[in-house]
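Enquirer: Structure in structure tokens, see below.
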Amino acid sequence: MSQVDSNAGASDVLVSFRGVQKSYDGENLIVKDLNLDIRKGEFLTLLGPSGSGKTTSLMMLAGFETPTAGEILLAGRAINNVPPHKRDIGMVFQNYALFPHMTVAENLAFPLTVRGLNKSDVSDKVKKVLSMVQLDAFASRYPAQLSGGQQQRVALARALVFEPQLVLMDEPLGALDKQLREHMQMEIKHLHQRLGVTVVYVTHDQGEALTMSDRIAVMQAGVIDQLGSPREIYERPATRFVAGFIGTSNIVEGQCERAENGLALLSYTQQDRVVVPCGSAVRAGDKIEVSVRPEKIDLHRGVPPVSATGASVLSGVVNEVVYHGTSTNYTVATAAGADFTVFDQNASNAEDLADRGDRVFLTWAPQHSYLIGV
Numbered sequence: 002m003s004q005v006d007s008n009a010g011a012s013d014v015l016v017s018f019r020g021v022q023k024s025y026d027g028e029n030l031i032v033k034d035l036n037l038d039i040r041k042g043e044f045l046t047l048l049g050p051s052g053s054g055k056t057t058s059l060m061m062l063a064g065f066e067t068p069t070a071g072e073i074l075l076a077g078r079a080i081n082n083v084p085p086h087k088r089d090i091g092m093v094f095q096n097y098a099l100f101p102h103m104t105v106a107e108n109l110a111f112p113l114t115v116r117g118l119n120k121s122d123v124s125d126k127v128k129k130v131l132s133m134v135q136l137d138a139f140a141s142r143y144p145a146q147l148s149g150g151q152q153q154r155v156a157l158a159r160a161l162v163f164e165p166q167l168v169l170m171d172e173p174l175g176a177l178d179k180q181l182r183e184h185m186q187m188e189i190k191h192l193h194q195r196l197g198v199t200v201v202y203v204t205h206d207q208g209e210a211l212t213m214s215d216r217i218a219v220m221q222a223g224v225i226d227q228l229g230s231p232r233e234i235y236e237r238p239a240t241r242f243v244a245g246f247i248g249t250s251n252i253v254e255g256q257c258e259r260a261e262n263g264l265a266l267l268s269y270t271q272q273d274r275v276v277v278p279c280g281s282a283v284r285a286g287d288k289i290e291v292s293v294r295p296e297k298i299d300l301h302r303g304v305p306p307v308s309a310t311g312a313s314v315l316s317g318v319v320n321e322v323v324y325h326g327t328s329t330n331y332t333v334a335t336a337a338g339a340d341f342t343v344f345d346q347n348a349s350n351a352e353d354l355a356d357r358g359d360r361v362f363l364t365w366a367p368q369h370s371y372l373i374g375v
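If you count by our numbering, then the sequence shown holds residues 2 to 375, one letter each, in order.
Encoded structure:
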């Protein structure tokens, strides 16, 4: 799948993958055909499950792996044969990769020293980057004397200290607990916004990708399934895989009964229907897949309200109720033959909670349905 950015001029693109493939055994391709432009100053996330090729793609960009085929360009220059230390790329790993026998200041000075900077410049840059990550008071400590979050800040500072044009991050927050991970997400995002450096970030955490990224490339089996902004990826997934991998999505199949005025209608019973915007892409008789997010659905006990006229309406029976504090999550077996997940906000004016076995109606507006793969 080609993901070359037609909206970006050559001067706006920092990294280009051109027909890049990678195989370790000469038979199976881990990365199958990667075509991707990464813009200067953007935060792009490679997102996907284990084995999707995201980390291998990052390692090829870093220079730790060599493409089997294709070409990688950095600032317009082919770098397939350029060693990692000559690529002007900062790198942040999940395990931090700090030198245990060096202090924080010495760890940060190392990338500058190997580049031949004088002691005065090294000292100035180390002080600057320590202040940037709010670790001024920890310069003389060793990594073992730091918390996980502090070590991650040092790893981040070391990747930024020599002012690279590109920073690569491979699951950098994976070892942190949930609260610290969420805090570090915002710290990295704010640093990126302040410095304007280009970041390529690898994660399997969908929430992390949605929170931090300018654009997300969702990878599966060595190819990019979809490339777009977090909102585009979440609200309009291009494939069933993306719909299911990013958050929770309800997917229903059926035959289009009619398509008119830009809307397609799926009917299951006299009262059960799904309405989806279709443009001119769908005709009567076509088999289609429709998805809707759990938070877009209203759950009603008894009968659907009059306001549901023209909306999607599915009757069903509650199979499971899970209280999550801010919301109550329901699993509903629907007349469309699919189990639906519904996130019902626990607002003060919410209807009484439904119980297992209750008959309910699910309704949602047409614009909250979307076609998959059309």
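Every residue, glycine too, gets a C-beta built ideally from N, C-alpha and C.
All values reported here derive from a predicted model rather than from experimental measurement.
Figure out for me which residue from Asp13, Ser12, Val14, Leu35 has the closest Cα to the Cα of Lys23.
Expert: Leu35
Enquirer: Taking three-plus beta-carbon pairs below 8 Å as touching, is the region 144-158 in contact with the region 73-85?
Expert: Look at the beta carbons and you see the region 144-158 not touching the region 73-85: under three pairs across the two are nearer than 8 Å.
Enquirer: Would you be able to state if there are at least three C-beta pairs under 8 Å between the region 250-260 and the region 271-283?
Expert: yes
Enquirer: Helix, strand or coil for Leu99, going by three-state DSSP, please let me know.
Expert: coil
Enquirer: Just mark Met220 as buried or exposed, buried being the case when its beta carbon has 16 or more other beta carbons within 10 Å.
Expert: buried
Enquirer: Roughly how many whole angstroms lie between the Cα atoms of Ser7 and Leu196?
Expert: Note that Ser7 scores a pLDDT of 48, beneath 50, so its modelled location is shaky and nothing firm can be said.
Enquirer: Could you pull the start and end residues of the beta strand (DSSP E) that Glu72 belongs to?
Expert: 70-75
Enquirer: In chain order, what residues of the same chain lie with their CB nearer than 6 Å to the CB of Ala366, ignoring the 5 residues before and after it?
Expert: Exclusion of the five residues before and after Ala366 leaves Ala312 as the residues of its chain whose Cβ lies within less than 6 Å of its Cβ.
Enquirer: From which residue to which residue does the alpha helix (DSSP H) around Pro112 run?
Expert: 105-114
Enquirer: Within 10 Å of its beta-carbon, does Thr199 have 16 or more other beta-carbons around it, so buried, or fewer, so exposed?
Expert: Note on Thr199: 16 or more other CB atoms within 10 angstroms of its CB, so buried under the neighbour-count rule.
Enquirer: Enumerate in chain order the residues of its own chain whose CB-to-CB distance from Ala355 is below 6 Å, with the five nearest sequence positions on each side excluded.
Expert: Beyond the five residues adjoining it in sequence on each side, Ala355 comes within less than 6 Å, by CB distance, of Arg302, Val319, Val361 in the same chain, given in chain order.
Enquirer: Tell me the DSSP secondary structure of Arg19 in three-state form.
Expert: In the structure shown, Arg19 sits in a strand (DSSP, three-state: E or B).
Enquirer: Please classify Glu400 as buried or exposed, where buried requires at least 16 neighbouring CB atoms within 10 angstroms.
Expert: There is no way to answer for residue 400, as the model of the chain reaches only from 2 to 375.
Enquirer: Can you list, in chain order, the residues of its chain whose CB lies under 7 Å from that of Ser3, leaving out five sequence neighbours each side?
Expert: Legend: pLDDT at Ser3 = 46, less than 50; position of this residue unreliable, no value from coordinates given.
Enquirer: Work out the CA separation of Ala158 and Ser148 for me, nearest whole Å.
Expert: Roughly 15 Å separates the two Cα atoms.
Enquirer: Would Ala140 pass as a contact of Ala106 if the rule is Cβ separation under 9 Å?
Expert: Yes; because the gap between Cβ atoms is below 9 Å, this pair is in contact.
Enquirer: Short check: CB of His369 to CB of Lys297, under 9 Å?
Expert: yes
Enquirer: Alpha carbon to alpha carbon, what distance is there between Gly42 and Val201?
Expert: Distance between the alpha carbons of Val201 and Gly42 is about 10 Å.
Enquirer: From the DSSP output, read off the bridge partner residues of His301.
Expert: Paired residues: Phe362.
Enquirer: Between which two residues does the alpha helix (DSSP H) holding Lys288 run?
Expert: Secondary structure note for Lys288: it is in no alpha helix (DSSP H), and the uninterrupted beta strand (DSSP E) holding it is 288-293.
Enquirer: On the CB-based measure, 16 or more other CB atoms within 10 Å of its CB, does Lys55 come out buried or exposed?
Expert: buried
Enquirer: For Met92, count neighbouring Cβ atoms within 10 angstroms of its own Cβ and tell me buried if that reaches 16, exposed if not.
Expert: buried
Enquirer: In the DSSP assignment, the alpha helix (DSSP H) including Pro231 goes from what residue to what residue?
Expert: First-last of the alpha helix (DSSP H) with Pro231: 231-236.
Enquirer: What residues are listed by DSSP as bridge partners for Pro278?
Expert: Leu264
Enquirer: Am I right that Gly358 and Ala336 are in contact with their C-beta atoms under 8 Å? What's the rounded C-beta distance?
Expert: At roughly 16 Å, the Cβ-Cβ gap does not stay under 8 Å, so Gly358 and Ala336 are not in contact.
Enquirer: Any idea if Phe341 is buried or exposed, counting beta-carbon neighbours within 10 angstroms, 16 or more meaning buried?
Expert: buried
Enquirer: Which of the three DSSP states, helix, strand or coil, is assigned to Ala176?
Expert: Here DSSP, grouped into helix, strand and coil, assigns Ala176 to coil.
Enquirer: Leaving out five residues on either side along the sequence, give the residues of the same chain with a beta carbon under 6 Å from the beta carbon of Ser17.
Expert: The residues are Asp38, Leu74.
Enquirer: Using only CA atoms, which one of Val123, Leu62, Leu99 lies nearest to Pro84?
Expert: Leu62
Enquirer: What separation, rounded to the nearest whole angstrom, lies between the Cα atoms of Asp26 and Arg19?
Expert: Approximately 21 Å between the Cα atoms of the pair.
Enquirer: Count the other C-beta atoms from every protein chain shown that fall within 10 angstroms of the C-beta of Gln271, then say buried if there are 16 or more, exposed otherwise.
Expert: exposed
Enquirer: Given a cut-off of 9 Å on the beta-carbon distance, is the pair Val275 and Tyr269 in contact?
Expert: yes
Enquirer: In whole angstroms, give me the CA-to-CA distance for Val343 and Val333.
Expert: 8 Å
Enquirer: I'd like the list of long-range same chain contacts for Glu172, defined as Cβ closer than 7 Å, with 5 residues on each side in sequence excluded.
Expert: Gln95, Val203, Thr204
Enquirer: If you check the beta carbons only, do Pro231 and Ile252 fall under 9 Å apart?
Expert: no
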